[in-house]
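In the UniProt record's numbering, the protein residues as written are 1 to 608.
A quick write-up on the structure given underneath.
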């Protein structure tokens with residue numbers, strides 16, 4: 001058996017020491033290598049040390065771009081973004097700034113105890129918060145965990161502070177050597193005119209204290225244009241994660257949203273709202289709608305509906321009884337309304353243009369048989385033998401059916417030329433294309449006097465521009481220009497079709513003048529305006545609901561144009577389900593349409 005060699009104890013210790021020394025060197029080299037890698041790569045595993053440091057000592061936040069302003073055509077503000085501020089105070093004595101390089105002192109950023117009384121005096125002066133309430137805010141005590149409360153806000157009166165008040169507070173705090181008060185900026189949308197074309201203009205929401213988002217109308221349609229692009233800032237944070245004043249660095253500039261100039265006229269729109277509110281408060285009705293347009297350009301000068309809402313306070317949007325109607329722009333989204341006799345403007349135009357209108361030819365009024373249906377005039381007894389010119393003024397359904405039968409399929413062609421059954425491409429969300437019932441002979445006959453056809457107010461007004469504008473149909477427009485960084489994008493008037501000849505349009509205007517002036521036959525004498533030649537066409541349509549037409553409930557309307565020899569303005573008013581005992585044309589429609597049209601004509605004179 002081989003004997004184990006005995007080693008010298010000293011030599012054994014030296015050998016073990018050498019092993020540990022070599023291992024130590026290897027571990028040290030591994031540590032140095034790892035450290036070198038971390039320093040050069042800036043990472044520990046997948047974690048970036050640079051990013052981790054920034055998270056601990058640097059902060060970033062967006063600088064929200066100012067939403068663009070919406071103006072009327074004369075530069076009056078319709079909607080604008082305003083800054084408001086929330087004031088808070090820091091009571092934490094550890095909240096100090098960066099040390100001065102010369103003195104080594106760190107500036108105080110909190111409210112000192114001996115400054116509280118003076119601070120309360122300044123706050124009470126500018127915000128009206130009582131002293132006993134201020135004492136609770138400035139000396140909040142401890143929380144449920146027994147720890148001191150080191151941050152405090154000032155209730156409802158400490159919110160929504162305007163820029164002027166903020167500046168006064170800051171100036172007086174600085175003059176008194178008071179630190180620790182800070183202001184958090186937030187944006188709000190102001191609509192200075194209240195109920196003002198609310199469904200056309202729309203409104204904004206501020207989800208989770210973020211930038212405004214357009215809801216409904218122009219605010220939604222041009223949301224991206226109005227919003228602009230946010231900027232970004234970087235700042236240093238203290239150990240508590242709080243922003244250190246004086247360390248803010250701009251990383252990217254914000255780009256404010258574009259301004260939009262509409263075609264609305266504040267004077268005319270406000271007057272329309274006033275007239276509508278007055279009538280709506282006096283008489284019961286389901287809804288009412290008003291449009292006023294420039295006949296030459298198709299620009300909408302005023303447009304509104306009732307019920308409506310205040311876009312700033314949102315008052316009206318929560319009305320549960322009218323909730324369904326409240327969320328719809330009835331001027332473009334309601335395809336269910338049949339226009340009634342105002343459609344006869346287009347029937348007469350088509351008949352004249354196609355050579356099927358002899359104004360002196362006669363027919364027997366009262367009723368007419370179409371297949372198995374009998375179509376009656378508004379007075380079922382009729383008015384005896386009458387000419388087609390008289391038929392238009394007297395609004396004879398029978399006369400219009402005769403014209404439609406004479407035209408045959410040509411009538412459907414003219415409906416298409418005037419834009420019925422298709423969108424006006426307004427750009428507003430939810431626009432309806434309407435509907436035309438033309439599958440049977442009776443359906444086609446009914447469309448000639450405004451039943452069996454579903455339209456929107458926009459479609460009707462667009463068609464009326466062809467009558468008022470020598471056969472040229474104008475695209476309805478409510479945006480005049482978009483201004484981005486001083487550069488203007490002007491929206492020019494656009495002719496979208498010429499459904500009739502100029503001489504046809506002139507003849508229809510003559511017929512509309514008869515409605516107001518023709519003795520014994522004109523049904524629109526209440527739409528005469530002293531000092532002006534006015535043309536009009538009235539309308540009364542039955543309402544189709546639940547598979548049949550309602551009794552004693554109607555959609556009543558009027559279209560007016562003036563001056564009739566060369567129209568400058570078109571006004572179109574519709575009233576839905578007004579009280580059956582009310583003289584709707586005289587008591588409800590005329591006070592709105594006459595006064596609004598007259599105001600437009602008078603303002604036009606002042607600018608000439």
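Quick reminder that beta carbons are idealized off the backbone N, C-alpha and C, glycines included.
In this text the structure is predicted, and so the values were computed from the model without any measurement.
In this structure, the alpha-carbon of residue 529 lies about 21 angstroms from that of residue 469. The beta carbons of residue 433 and residue 421 sit closer together than 9 angstroms.
Here the alpha carbons of residue 454 and residue 215 stand approximately 27 angstroms from one another. For the pair residue 526 and residue 586, the CB atoms are nearer than the 9 angstroms cut-off. Residue 308 carries a coil assignment under DSSP once its states are collapsed to helix, strand and coil.
Excluding residues up to 5 positions away in sequence, 400, 403, 404, 411, 448, 449 lie with their Cβ nearer than 8 angstroms to the Cβ of residue 347 in the same chain. For the options 429, 456, 430, the alpha carbon positioned closest to that of residue 436 is the one of 456.
Two segments are said to touch when three or more pairs of C-beta atoms, one from each, lie closer than 8 angstroms; by this definition the stretch 260-270 touches the stretch 298-306.
In the structure shown, residue 165 falls within a helical segment according to DSSP collapsed to helix, strand and coil. Judged by their CB atoms, residue 592 and residue 345 are not nearer to each other than the 9 angstroms cut-off.
With a beta-carbon spacing of about 6 angstroms, residue 569 and residue 292 fall inside the 8 angstroms limit used to define contacts. Rounded to the nearest whole angstrom, the C-alpha separation of residue 423 and residue 211 is 32 angstroms. Between residue 544 and residue 550, the alpha-carbon positions lie close to 6 angstroms from each other. Residue environment: residue 502 is assigned as exposed (fewer than 16 neighbouring CB atoms within 10 Å of its CB, all protein chains considered). Using a Cβ-Cβ distance cut-off of 8 angstroms, the stretch 168-186 and the stretch 84-93 are in contact, since at least three pairs of beta carbons, one from each stretch, lie closer than that value. Straight-line measurement puts the Cα of residue 180 at about 11 angstroms from the Cα of residue 97.
Straight-line measurement puts the Cα of residue 112 at about 18 angstroms from the Cα of residue 124. Put simply, the stretch 140-160 does not touch the stretch 100-109. Fewer than three CB pairs are less than 8 angstroms apart.
For residue 467, the closest C-alpha among the options 352, 425, 480, 554 is that of 352. Beta-bridge pairing by DSSP links residue 374 to 369.
Check the Cα spacing between residue 258 and each of 74, 355, 481: the tightest is with 481. Note that the stretch 368-377 does not touch the stretch 513-525; fewer than 3 beta-carbon pairs, one per stretch, sit closer than 8 angstroms. The continuous alpha helix (DSSP H) containing residue 458 extends over residues 457-468. Taking C-beta separations shorter than 8 angstroms and ignoring five residues to either side along the sequence, the partners of residue 505 in its chain run 349, 466, 467, 468, 469, 470, 471, following chain order.
For residue 288, the closest of 603, 607, 343, 590 by C-alpha to C-alpha distance is 590.
Note on geometry: alpha-carbon atoms of residue 583 and residue 283 lie some 11 angstroms from one another. If only uninterrupted beta strand (DSSP E) runs of at least 3 residues are considered, those enclosed by the stretch 109-166 are 151-153. Using a Cβ distance threshold of 9 angstroms, residue 426 and residue 476 count as a contacting pair. Contact between residue 339 and residue 497 does not hold, since their C-beta atoms are separated by about 19 angstroms, which reaches or exceeds 8 angstroms.
Assignment of beta-bridge partners to residue 197 by DSSP yields no partner. Apart from the 5 residues on each side of it in sequence, residue 396 sits with its Cβ closer than 6 angstroms to the Cβ of 365, 377 in its chain, given in chain order. Linking residue 596 to residue 64 through their CA atoms gives a straight-line distance of about 41 angstroms.
Annotation: residue 206 is outside any beta strand (DSSP E) and is labelled neither H nor E by DSSP.
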